[in-house]
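Reading through the structure tokens given below for one structure.
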Amino acid sequence: MANTPIEAATFWTQANALLRKNLTYQKRNLRTNIRLISFPFILCLLLVLLQKIVNNELDKPKNNCGCVCVDKNGDGVCEKVCGLEYSTLIQAVSCPIPSPPQWPPILQMPAPHFRAVRTDFFPYEDLPNESCRESMSCPVTMLFTGNNRSLGNILAASMVPSSLSWNSSDVLYGASLNVLGSASRPRTNNYLDPAFFSNLPLYYMQRQCVTGSTLSIPVSIFSLTKTQDIACVQGLQLWRNSSSEVNDEMYRGYKNGNSEGKINEILSGFDFLNSDGNNFNVTIWYNSSYKSDTGRSSNVLLRVPRLVNLASNGYLKFLLGASTEMLFEFVKEMPKPATKIRLDFSSLLGALFFTWVILQLFPVILTSLVYEKQQKLRIMMKMHGLGDGPYWMISYAYFLTISAVYMFCFVLFGSVIGLKFFTMNDYSIQFVFYLLFINLQVSLAFLVAAMFSNVKTAEVSTYICVFGTGLLGGFLFQFFIEDPSFPRGWIMVMELYPGFLLYRGLYEFAFYSFTGNLMGTYGMRWGDLTDSTNGMREVLIIMLVEWIVVLLVAYCIDKVLSSGSWKCALFFLQRYDKKPPPQNPGLERQGSKVLVQTDKPDVRQEREKVEKLLKEGDPSYAIVSDHLKKVYPGKDGNPEQFAVRGLSLALARGECFGLLGPNGAGKTSFINMMIGLIKPTAGTALVEGLDISTEMNGIYSSMGVCPQHDLLWETLTGREHLLFYGRLKNLKGSALIQAVEESLKGVNLFHGGVAEKQAGKYSGGMKRRLSVAISLIGDPKVVYMDEPSTGLDPASRKNLWNVVKRAKQDRAIILTTHSMEEAEVLCDRIGIFVDGSLQCIGNPKELKARYGGAYVFTMTTSPAHEGHVENMVKHLASGASKIYHLSGTQKFELPKHQVRIADVFQAVENAKSRFTVLAWGLADTTLEDVFIKVANGAESSDMLS
């Protein structure tokens, strides 16, 4: 062990020590890391496998553009010709369409059995009776409101034709003069309008319909001609007094707003606001619940312009006459090249599966932090000088690096095997997104770690949260995203939860890659972030802000928990004007109830020495405890518990002080206060001149601790433990290597490869020896050893005693033990601690002389001669007292001033001549006798008081 003074380790030295330890720990967990990374790899491979199976099925001729063999030259040789005109509806999706067909503009019309009628839930008297649904003759309802009802009625009456005007030779012109509608749902494109190729009927709307008003019209697509039946439906125009009534009625008509679960759909709503002869303002409601298969409802807008056209035509007729009209002839898609049907599973399932993949890092980071907390490794590192700054910097960078490597491997592997989710979206956007999220995830792990103290509880809870987040995102949150009627503000509120924030970003990537793959374009680019339907911009902003806030809150809470003070010591709010230590820290004891036996001269003398040292000061004393007190508050009606009742103690350098006492006496509580684990209730202590209440960080650099329970990393070796703690004590280079080897040799862990063995495989005794070596490395000026020899065999115990004896030079040691032999061998002074109070103090010889001024005489005879033995003892010493009696064996205490040893031997020889003496003995008082006597006496006095 090195004895030369060593300066406190700098910030970067501590950071280097922790980084080396973390890298070694990471190397030990190589198999765990491989299993961690293999999960996304296996998932990506599974997606690729499913992709190949599905694509092989989609590549079959039945799914490709239709082809026929045509004899173009009449020579009997046919030539393969492919095109939309030779295709089924399924095959047509993959065909090139250089000139897309023109489709008549139509309305999104409710199906007959869903049209609004009068019900108990919908008690509007102007609605038709529910019986119309049986005959499938219910009208479609249009709601109107505005500031001028008379004008509104005029405009509404002009919107719906009163008669049918149809030119069979020009279908598009005929459709523009009439109002067509369909209950079919729109698709992702409008190359084949489902209104003309579904089993659902097509309707034309009039003010009144006559029975059997059905029209058959030809529909031509390229060379394909189809006859389409169009049935008449009545347009029911109803006035409402306000826009809120219209909005409420339309929402309640949709099944999600209906408590009865019934659908009572309104076709549309119109609010003419302040329209008059000089102004035309209108708000139009439409049912946006008709979504495409991808969840985006943009294609339903192809059926909304007809509503705008109706309102505009109504106003034109009001101004210019009934013959004035703007014709809306057709809608048309953009041309498209030949495409293959491809369903990219990484885009379809990516938002859900990749949420699980990325979030599985969270339990890994959290359990690592909680493990250090549960095993008290964080406080152990702090007690050996590791500051909060180096710990946060290295731990954060360590977990961030692991997360970054994990995400890099994930994206790289997904790109290499060709998942469109990664290859089609801009990698720079992905980089920013993943970088922000892993920073947020690491910060969140530090914050959540403060809520857990058990690794298993933290692990189970977070894995439930991970899988729950994915399921809620896929089966709840996604529906809110896709519903344009859902308030965007509430979407942002839900995105404050980081899991939904991640899901929203992945959903946007998936949507753009799926659409790009389907349409043969590209995925998300930076320019797409300005799109109103793209939520990636708000996701990135929320992530950035939330990361900063969570990191600061986590740091603040960590400072509160580690210091016990609610003054959040953020680095930019720290006050550097530290108050000087009080001249007499003992003043803190005023007003507190202290139970100290003032009639014991040795205890009173120690307290007076402490008060003198506090007034005059003496640098040779390493530890000065002034009236230190710890009281645990009562719970559930129980009284408060006094663990330490005003302990005053002074220890000089080079002194080993033994603290003896029964279990529960308060020894460990005293040490925990001295090492900063718990705060004293009153009083204070100075360690190397620094106050434990306010300057614990300075004390840590000169302190060594061997705790009652071994606080070790299971996967680090004994040598790696000592290298880490040696670096924390600013040992470097050859001095570090030498100190580690001397420590290992000193505790008999050097030979036989024991030093290279992982601590988790050590026996209990080996762990204790390693804990002692850790407490002594780096030449600490103050060392606390809480029962250091527990579990050691006799040889190892004796070897450990030699180590402690050598370590006493120029340092103060406080040692607690239940071994009286150990206390007598190692301790210069001993204090016996009972019920939180110091009962006596002195070196072993003084205590034995003070409390053991008697010989212990033992004799075993037959029960018939017990009386003879008592008479013999009374003759030897009139003040003798019997302390033990069982079946002929008796023990007596003989006052030393009343008896001579020669007289005892002579009396025994005389007794042997008169009766049979089976065994006898004479012993001086041991330290164990003193301990038992003091402890029993203290407990008796407490019971009497």
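For the sequence shown, full-length UniProt numbering gives the first residue as 1, with consecutive numbering after it. Every residue gets a Cβ at the ideal spot worked out from N, C-alpha and C, and that includes glycine.
Under 8 Å between C-beta atoms of residue i and residue j
i	j	result
K80	C65	no
I671	D835	no
W239	R149	yes
S288	P96	no
V899	Y855	yes
Y503	T355	yes
S176	E329	yes
residue 978	S163	Because the chain in this structure spans residues 1 to 945, residue 978 falls outside the shown range and cannot be described.
L267	T283	no
V917	V904	no
A877	L894	yes
L647	L838	yes
V246	F39	no
A652	A812	yes
D271	S243	yes
S213	S198	no
L400	F514	no
W285	L436	no
I394	V442	no
M492	F500	no
G654	D810	yes
V411	Q430	yes
D793	G765	yes
Distance between residue j and residue i (C-alpha atoms, nearest Å)
i	j	result
L320	G277	11 Å
Q91	V219	20 Å
M820	D710	22 Å
I217	Q206	17 Å
S275	I542	41 Å
V825	L686	27 Å
G418	L43	13 Å
T339	Y86	16 Å
K609	W920	45 Å
L143	G235	10 Å
L728	F833	33 Å
L690	T926	38 Å
Y576	L561	Low per-residue confidence applies at Y576: pLDDT is 43, beneath 50, and the placement is therefore not dependable, though the value from the model is reported in the following sentence. Looking at the two C-alpha atoms, the distance is approximately 20 Å.
N190	F446	51 Å
residue 953	T469	Here the chain covers residues 1 to 945 and nothing more, so residue 953 does not appear.
T294	G76	Because the pLDDT of T294 is 45, which lies under 50, any placement of that residue in the model is unreliable, and the question is left without a value.
Y851	E928	11 Å
C67	F280	53 Å
I883	E866	14 Å
D828	P619	19 Å
D531	Y512	12 Å
K579	I692	Confidence at K579 is low in this model, with a pLDDT of 44, below 50, so its placement is unreliable and no value can be given for it.
E756	D344	51 Å
G414	P498	23 Å
Of the listed residues the options, nearest to residue i (C-alpha basis)
i	options	result
D455	T694, S693 and P363	Per the sequence shown, residue 455 should be read as Val rather than Asp. Checking every option, the nearest Cα to that of V455 belongs to P363.
Q758	K745, V772 and E714	E714
Y396	S268, L440, G664 and M380	L440
L180	W103, L151 and N517	W103
C232	P194, D193 and P139	P139
T423	M524, W490, R488 and S625	M524
K767	G778, K781, C556 and S796	S796
Note to self: Ignoring anything shorter than 4 residues, give me the alpha helix (DSSP H) runs that lie fully in the region 649 to 694, in order along the chain.
What the structure shows: 667 to 674
Notebook entry, point to check: Counting only runs that start and end within the region 468 to 506, where is the alpha helix (DSSP H) found for 4 or more residues in a row?
Noted result: 478 to 482 and 488 to 494
Margin query: So within the region 261 to 342, which uninterrupted beta strand (DSSP E) runs reach at least 3 residues, ignoring any that extend past its ends?
Written below: 268 to 271 and 283 to 285
Note to self: Which complete alpha helix (DSSP H) runs does the region 62 to 92 hold, if anything under 4 residues is left out?
What the structure shows: 89 to 92
Margin query: I'd like to know if the region 375 to 383 and the region 466 to 478 are in contact, where contact means that at least 3 CB-CB pairs between them fall below 8 Å.
Written below: no
Checklist line | Completely contained alpha helix (DSSP H) runs for the region 385 to 440, where each covers 4 or more residues | finding: 388 to 416 and 420 to 423
Check: Counting Cβ pairs, one atom from each stretch, are 3 or more of them under 8 Å apart for the region 693 to 707 and the region 770 to 783?
Finding: yes
Next item on the list: Check whether the region 718 to 725 touches the region 19 to 26, counting contact only when three or more Cβ pairs, one atom from each stretch, lie closer than 8 Å.
Entry: yes
Item checked: Three CB pairs or more closer than 8 Å across the region 673 to 680 and the region 634 to 642 -> no
Notebook entry, point to check: Is there contact between the region 8 to 21 and the region 381 to 396, where contact requires at least three CB pairs shorter than 8 Å?
Noted result: yes
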